[in-house]
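Below you'll find the structure, written out as structure tokens, and then a few comments.
In the working numbering, the protein residues as written are 685 to 727.
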């Protein structure tokens with residue numbers, strides 16, 4: 685793979701925007717609700 689799969693995200697500023705899906709792996713942009721998980725917290 686020689687192509688970038690992630691670009692800069694307008695929502696969070698991180699380089700986690702998936703170009704083909706056009707969704708941010710970090711904040712969930714362009715979804716209305718911001719992606720937030722607390723993985724350290726036990727279910």
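All C-beta atoms, glycine included, are put in the ideal place defined by N, C-alpha and C.
{"Asked": "Best match in 715, 698, 691 for proximity to residue 704 [C-alpha to C-alpha]", "Found": "691"}
{"Asked": "Check: residue 722 C-beta below 7 Å from any heavy atom of the ligand HEM", "Found": "Ligands in the displayed structure: none, and consequently the ligand HEM is not present."}
{"Asked": "Local Cβ density within 10 Å of residue 700, reported as buried at 16 or more and exposed below that", "Found": "buried"}
{"Asked": "In DSSP terms, what residue 641 is bridged to", "Found": "What the structure shows of the chain is the stretch from 685 to 727, and residue 641 is not part of that stretch, so it cannot be assessed."}
{"Asked": "Residues bridged to residue 690 (per DSSP)", "Found": "702"}
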